[in-house]
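The block underneath contains the structure these notes are about, expressed in structure tokens.
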Amino acid sequence: MRVVVAGVPGAGKTSIMKEVAMKTSHRIVNYGTVMLEQALAKNVVSDRDEIRKLPITLQKELQRDAAKKIGAMSDVIVDTHLTIKTPSGYFPGLPVWVLEELKPDLIVVVEAGAHEIMRRRKEDRTRKRDFESYEEIEEHLKANRMVAFACSVLTGAPVMVLQNHDGMLEQAVEKFMEAFK
Ligand code: AMP
Ligand code: MG
Numbered sequence: 011m012r013v014v015v016a017g018v019p020g021a022g023k024t025s026i027m028k029e030v031a032m033k034t035s036h037r038i039v040n041y042g043t044v045m046l047e048q049a050l051a052k053n054v055v056s057d058r059d060e061i062r063k064l065p066i067t068l069q070k071e072l073q074r075d076a077a078k079k080i081g082a083m084s085d086v087i088v089d090t091h092l093t094i095k096t097p098s099g100y101f102p103g104l105p106v107w108v109l110e111e112l113k114p115d116l117i118v119v120v121e122a123g124a125h126e127i128m129r130r131r132k133e134d135r136t137r138k139r140d141f142e143s144y145e146e147i148e149e150h151l152k153a154n155r156m157v158a159f160a161c162s163v164l165t166g167a168p169v170m171v172l173q174n175h176d177g178m179l180e181q182a183v184e185k186f187m188e189a190f191k
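Positions in the sequence shown are counted from 1; adding 10 to them yields the working numbering.
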């Protein structure tokens with residue numbers, strides 16, 4: 011099975027994936043990490059949070075190369091984004107040519123409350139998270155949902171909306187694992 015997992019930064023995709031890794035034989039691949047490897051090799055960034063600030067043409071190139079690499083893998087769970095907030099606006103993480111490479115069987119959208127997301131971003135010292143107001147996070151969450159359903163229509167893959175509220179990680183992981191039964 012090929013699964014795409016997406017959500018706004020701070021929704022908790024990576025935390026869920028850490029738990030899922032112990033329960034599945036699927037390979038878990040972080041799309042941003044694949045892009046980062048290429049970007050580092052090209053000497054255009056020094057960390058993953060600089061990728062979204064690159065010129066869009068360059069982001070598209072890195073995105074396309076990563077799609078080809080990940081598309082060649084089977085039984086994979088891809089940790090990625092439906093929309094990426096760039097200085098030019100929302101950049102699609104899964105345009106049709108990426109979907110054609112990834113061929114997802116399932117699209118999982120990880121969500122949490124905007125206040126929870128705000129706090130998680132503030133507390134995460136490992137990343138250079140951009141500040142978004144409560145209203146901006148709400149807009150970003152809405153944009154992701156819309157794009158998830160658009161991707162669903164384009165691919166025929168169902169959408170699972172996964173709530174990852176504070177203290178509910180275990181339940182989110184359990185619901186995610188239902189898809190593999
Ligand atoms: P993450 O660690 O998931 O936050 O990903 C790091 C960065 O990789 C993101 O901020 C984006 O710039 C980039 N990225 C991840 N997935 C995609 C994608 N599907 N398309 C374009 N850029 C992506
Ligand atoms: Mg992450």
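Even glycine gets a Cβ: it sits at the ideal position worked out from N, Cα and C.
- Looking only at its own chain, which residues have a Cβ that is under 6 Å from the Cβ of residue 84, when we skip the five neighbours before and after it? If we look at residue 84 and ignore the five residues flanking it on each side, it has no Cβ neighbours.
- Message: Under 7 Å: does the beta carbon of residue 93 sit that close to some heavy atom of the ligand MG?
- Response: No, since every heavy atom of the ligand MG falls outside the 7 Å radius drawn around the Cβ of residue 93.
- residue 60, buried or exposed, once every other Cβ within 10 Å from all chains shown has been counted against 16: Label assigned to residue 60: exposed.
- Item | Nearest residue (CA-CA) to residue 95, options 127, 148 and 140 | Of 127, 148 and 140, the residue nearest in Cα terms is 140.
- Message: Does the beta-carbon of residue 90, which I'm using as the reference point, lie nearer than 7 Å to any heavy atom of the ligand AMP?
- Response: Checking the Cβ of residue 90 against the ligand AMP gives yes.
- Item | Exposure of residue 64, with buried meaning 16 or more beta-carbon neighbours within 10 Å | That one is buried.
- Query: Do the segment 133 to 147 and the segment 167 to 177 touch if we need at least three Cβ pairs shorter than 8 Å?
  - Reply: Three or more Cβ pairs closer than 8 Å define a contact, and the segment 133 to 147 falls short of that threshold against the segment 167 to 177.
- Query: How many angstroms separate the CA atom of residue 161 from the CA atom of residue 107?
  - Reply: Between residue 161 and residue 107, the C-alpha separation is close to 11 Å.
- Message: Which residue wins for smallest C-alpha separation from residue 37, given the options 159, 191, 81 and 92?
- Response: Looking only at 159, 191, 81 and 92, the smallest Cα-Cα distance to residue 37 is reached by 81.
- Message: Using C-beta distances below 6 Å, list every residue in its chain close to residue 13, excluding the 5 sequence neighbours before and after it, in chain order.
- Response: Listed in chain order, the non-local C-beta contacts of residue 13 below 6 Å within the same chain comprise 87 and 116, local neighbours out to five positions each way being set aside.
- residue 12 - DSSP class collapsed to helix/strand/coil: DSSP places residue 12 in strand when its eight states are reduced to three.
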